[in-house]
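Mapped onto mature numbering (1 follows the signal peptide of the UniProt record, and there is no 0), the consecutive letters of the sequence shown carry residue numbers -22 to -1, 1 to 204.
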Amino acid sequence: MKISLSPLFLMIVLLPSFLASAKDDFDFFYFVQQWPGSYCDTRRSCCYPLTGKPAADFGIHGLWPNYKDGSWPSNCDPDSSYDPDKVDDLMESMRENWPTLACPSSDGTTFWTHEWEKHGTCAESILDQHGYFEAALNLKKQANLLQALTDAGIGPDGGFYNINQIKAAVQRAVGFSPGIECNVDESRNSQLYQIYLCVDTSGTKFIDCPVYPRSKCAKRIEFPTF
């Protein structure tokens, strides 16, 4: 006797195994750093953390698992909540290097919760919660973007710089070509917003990017002050 299974039944039965295979099944990480001046220099503006104005330096946005086809997994384990106690020893460095600029002002917990639950849980068998945040902090030490740019005569002075020169400066310093994401200021000028570097699945080594993020940038982009 042939048994016909409904699509709904199959979805219910197969969904747990699909989620299990999606989790930790990725090709590389994007390590993303953000220029605070560009975050704030928009129509929506920004709010400083409760600890005060961050340093005029690139801050971590996140460490994001990705696939080579340009897609990415997200929210892979709804049962794995962000626990600040697990990163208590990293908290000072996170406040300094991974600050939030979202409004209203906060202590960063909402930002870090989002990054762990959306992105970190998709690499949880490789990096536990402490390992995930520690890996991002270590990568920032390896990629001092502001130093790389200023060494090349590219500074956050409100001037406009050739985007290829920005990429070349980062590549000289880090060894790999970055992806550049731009946003626009209130006058609709294209400005340096985020810099993407690709990292292997261990979260420790920079690699050539299998695919770059999509972003519309002008040939010359502003590097705003902060």
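All C-beta atoms in this analysis are idealised placements derived from N, C-alpha and C, irrespective of residue type, glycine included.
Keep in mind the model is a prediction, meaning the values are calculated, not measured.
Exercise for the section: Identify every residue that forms a DSSP beta bridge with glutamate 159. Expected result: Gln172
Practice task
Can you say whether aspartate 178 is buried or exposed, counting buried as having 16 or more other CB atoms within 10 angstroms of its CB?
Solution key: exposed
Problem - As assigned by DSSP and simplified to three states, the class of alanine -3 - result: Low per-residue confidence applies at alanine -3: pLDDT is 39, beneath 50, and the placement is therefore not dependable enough to give any value.
Problem - Residue range of the unbroken beta strand (DSSP E) whose run includes phenylalanine 9 - result: 6 to 12
Problem - Segments of 4+ residues assigned as alpha helix (DSSP H) that fall wholly inside the region 82 to 161 - result: 87 to 96, 107 to 120, 123 to 129 and 141 to 152
Handout entry: Local Cβ density within 10 Å of residue 230, reported as buried at 16 or more and exposed below that
Key = Outside the modelled stretch of the chain, which goes from -22 to 204, sits residue 230, for which no answer is possible.
Exercise for the section: Determine the contact status of residue 205 and glycine 181, defining contact as a CB-CB distance below 9 Å. Expected result: No information on residue 205 is available, as it lies outside the stretch -22 to 204 that the chain covers here.
Exercise for the section: Could you tell me the distance, in whole angstroms, from the CA atom of tyrosine 8 to the CA atom of proline 43? Expected result: 6 Å
Handout entry: Where alanine -1 falls, given that 16 or more other Cβ within 10 Å makes a residue buried
Key = Because the pLDDT of alanine -1 is 48, which lies under 50, any placement of that residue in the model is unreliable, and the number read from its coordinates should be weighed accordingly. Answer is exposed; the Cβ neighbour count stays below 16.
Exercise for the section: May I ask which residues mark the beginning and end of the beta strand (DSSP E) holding asparagine 44? Expected result: 37 to 44
Handout entry: Residue(s) in a DSSP beta bridge with glutamate 200
Key = Phe138 and Gln169
Problem - Of the residues Ser52, Gly131 and Leu170, the one placed nearest histidine 92, counting alpha carbons only - result: Ser52
Handout entry: 8 Å contact criterion, which proline 134 and glycine 15 should meet: CB distance rounded
Key = 6 Å
Problem - Beta-ladder partner(s) of valine 177, from DSSP - result: Phe7 and Phe184
Practice task
Can you tell me the Cβ-Cβ gap for phenylalanine 204 and alanine 34, rounded? I've got them flagged as a contact below 8 Å.
Solution key: 5 Å
Problem - Local Cβ density within 10 Å of cysteine 81, reported as buried at 16 or more and exposed below that - result: exposed
Exercise for the section: Whole angstroms is fine: what's the gap from arginine 21's alpha carbon to alanine 114's? Expected result: 29 Å
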